[in-house]
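Trainee: Numbering (our numbering), first residue to last: 5 to 371.
Idealized CB from N, CA, C, for every residue including glycine.
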Ligand code: THG
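See below:
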């Protein structure tokens, strides 16, 4: 057993004390913060997400705020997805690419006002990136990381719990749309979103001193539905085909390789970062693609510290980027980032630490 001590550098989330009180047993680092990953009973946590409602400390999903006359302009320059029709109160899933078309983050963009946006980021320093691009392009926009921290409620019962606390209006929220409001005087934004395909909401806390209070309001309200703690779930997200940028991608991965091409609009303006490279990649055709893997063997054998090579007829054709036991498929499943010559239905070998394991390439998502 070892302890982790939050510091100014390894920043605690406003829900950190709640996570510890709930019995957190494992955590990861994300955006230089502690992200709880387990509460000691993975099976219970998984089935609660699939059948009930699960409460997550995802304060690590930091907001990069763009504010000022050129905020909308900067948002569009940062993302190859067309944002011209995005309305105030709407959110959109937007890949961010560098000048080579490599995906460097995949935030949810929230348009709070005509001159105010948040990028709810995955694990990389978008604050630096946005500041540098804004300065180089001479834009009139302030970039900051505001005191905003999401808490997720995920699972088929999440809507009942959130409606019980907030009112039935939340049932009418469309996917990724949000509303700024208060809960017992605590300022929040409520959005239909979350990193699972089981449905649910995220409550963006806008006052970091109120984390424990907000956590407990939902914990108490959720008791009739059997609410309990959980975390972004590797098994569920893999079954559901969600991409983890930085995990499933490397420093050469473009959006087309990992099934994110539908979030790239090739006819956005020429000043969008990476768009020239993305047009070229699209025209030339991709060399790798992301497929699912179902591995032989009946016991859970997750990925270790490294990505593992995949071989087809003795030749390395790519790598397995994640691997997890699926309680619903009853197999170890994972993602392959492999040559486009590799096709669904083929049998490959994954070079695991204990030796080669046979696996079948399948279409994503699994479920
Ligand atoms: N919520 C919030 N911030 C986040 C995440 C989140 N920041 C980090 C990370 N997650 C960002 N990445 C994703 C990846 C996928 C989705 C959301 C955020 C997602 N995708 C759906 C899909 O792929 O099926 C729907 C996308 C669509 O079609 O619009 O939900 O979870 N606040």
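Under the assumption that residue 112 contacts residue 93 (Cβ atoms under 8 Å), give the Cβ distance between them as a whole number of angstroms.
Mentor: Wrong, their Cβ atoms sit about 13 Å apart, outside the cutoff.
Trainee: Starting from the C-beta of residue 191, find all residues in its chain whose C-beta is less than 7 Å away, skip the five residues before and the five after it, and write them out in chain order.
Mentor: 210 and 211
Trainee: What beta strand (DSSP E) runs, 3 residues minimum, are completely inside the stretch 230-291?
Mentor: 232-234
Trainee: For the stretch 296-308 against the stretch 264-277, are there 3 or more C-beta pairs whose distance is under 8 Å?
Mentor: Result no; under three Cβ-Cβ pairs closer than 8 Å.
Trainee: For residue 33, which residues from the same chain have a beta carbon less than 8 Å from its beta carbon, with the 5 sequence-adjacent residues on both sides left out?
Mentor: 14 and 39
Trainee: Can you say whether residue 320 is buried or exposed, counting buried as having 16 or more other CB atoms within 10 angstroms of its CB?
Mentor: exposed
Trainee: Can you say whether residue 186 is buried or exposed, counting buried as having 16 or more other CB atoms within 10 angstroms of its CB?
Mentor: exposed
Trainee: Would you check if there are 3 or more beta carbon pairs closer than 8 Å linking the stretch 62-74 to the stretch 254-263?
Mentor: no
Trainee: Hey, out of 9, 270 and 175, whose CA is closest to residue 162's CA?
Mentor: The option with the nearest alpha carbon to residue 162 is 175.
Trainee: Between residue 292 and the rest of its own chain, which residues show a CB-CB distance below 7 Å, the 5 nearest in sequence each way excluded?
Mentor: In its chain, beyond the 5 residues on either side, 261, 322, 341, 342, 343 and 344 have a beta carbon closer than 7 Å to the beta carbon of residue 292.
Trainee: Could you spell out the range, first to last residue, of the alpha helix (DSSP H) harbouring residue 222?
Mentor: 215-225
Trainee: Ignore the nearest five residues each way along the sequence and tell me which others in residue 42's own chain have a CB closer than 6 Å to its CB.
Mentor: 29 and 30
Trainee: Excluding the 5 residues preceding and the 5 following residue 104 in the sequence, name in chain order all residues of the same chain whose CB lies nearer than 6 Å to its CB.
Mentor: 281
Trainee: Name the residue from 16, 147 and 100 whose alpha carbon lies nearest to the alpha carbon of residue 81.
Mentor: When only C-alpha atoms are compared, the closest one is 100.
Trainee: Thinking C-beta only, is residue 177 closer than 7 Å to residue 196?
Mentor: yes
Trainee: Ends of the alpha helix (DSSP H) at residue 9?
Mentor: No alpha helix (DSSP H) contains residue 9, which DSSP labels as neither H nor E.
Trainee: Consider the C-beta atom of residue 60 and the heavy atoms of ligand 1; say whether any pair is separated by less than 6 Å.
Mentor: no
Trainee: Is the beta carbon of residue 208 sitting closer than 7 Å to the one on residue 154?
Mentor: yes
Trainee: Residue 199: beta carbon under 6 Å from a heavy atom of ligand 1?
Mentor: yes
Trainee: State whether the stretch 132-144 contacts the stretch 200-207, with contact taken as three or more CB pairs (one from each stretch) at a distance under 8 Å.
Mentor: no
Trainee: Which runs of the alpha helix (DSSP H) fall wholly inside the stretch 22-81 and span at least 4 residues, in chain order?
Mentor: Taken in chain order, the whole alpha helix (DSSP H) runs of length 4 or more contained in the stretch 22-81 are 46-55.
Trainee: Could you have a look at residue 132 and say whether DSSP puts it in helix, strand or coil?
Mentor: helix
Trainee: Going by the beta-carbon positions, is the gap between residue 338 and residue 324 smaller than 7 Å?
Mentor: Contact flag set, yes.
Trainee: Who are the Cβ neighbours of residue 233 in its own chain at under 6 Å, not counting the five residues just before and after it?
Mentor: 26, 43 and 59
Trainee: Less than 7 Å between the beta carbons of residue 346 and residue 316, yes or no?
Mentor: Result yes, Cβ atoms of residue 346 and residue 316 sit closer than 7 Å.
Trainee: List the residues that DSSP assigns as beta-bridge partners of residue 372.
Mentor: Summary: the structure shown does not reach residue 372, with the chain confined to residues 5 through 371, and so no result is reported for it.
Trainee: Output yes or no for whether 7 Å exceeds the beta carbon distance between residue 202 and residue 53.
Mentor: yes
Trainee: What's the call for residue 79, buried or exposed, on a 16-neighbour Cβ count within 10 Å?
Mentor: buried
Trainee: Please go through the same chain and pick out, in chain order, the residues whose beta-carbon is closer than 8 Å to the beta-carbon of residue 170, but skip the five residues on each side of it.
Mentor: Result list for residue 170: 185, 187 and 194, in chain order.
Trainee: So, residue 242 versus residue 328, is the Cβ gap smaller than 7 Å?
Mentor: Here residue 242 is near residue 328, since their CB atoms are less than 7 Å apart.
Trainee: What are the start and end residues of the beta strand (DSSP E) that includes residue 352?
Mentor: 351-356
Trainee: Hey, residue 230 and residue 56 are a contact pair by Cβ (cut 8 Å); roughly how many whole angstroms apart?
Mentor: 5 Å
Trainee: May I have the straight-line CA-CA distance separating residue 8 from residue 289, to the nearest angstrom?
Mentor: 46 Å
Trainee: What three-state label does DSSP hand residue 228 in the structure shown?
Mentor: helix
Trainee: With distances taken between CB atoms, is the gap from residue 69 to residue 148 smaller than 7 Å?
Mentor: Yes, these two residues count as a Cβ contact at 7 Å.
Trainee: Extract the residue ranges of the beta strand (DSSP E) inside the stretch 135-182, only unbroken runs of 3 or more that lie entirely within it.
Mentor: You should have 146-148 and 153-158.
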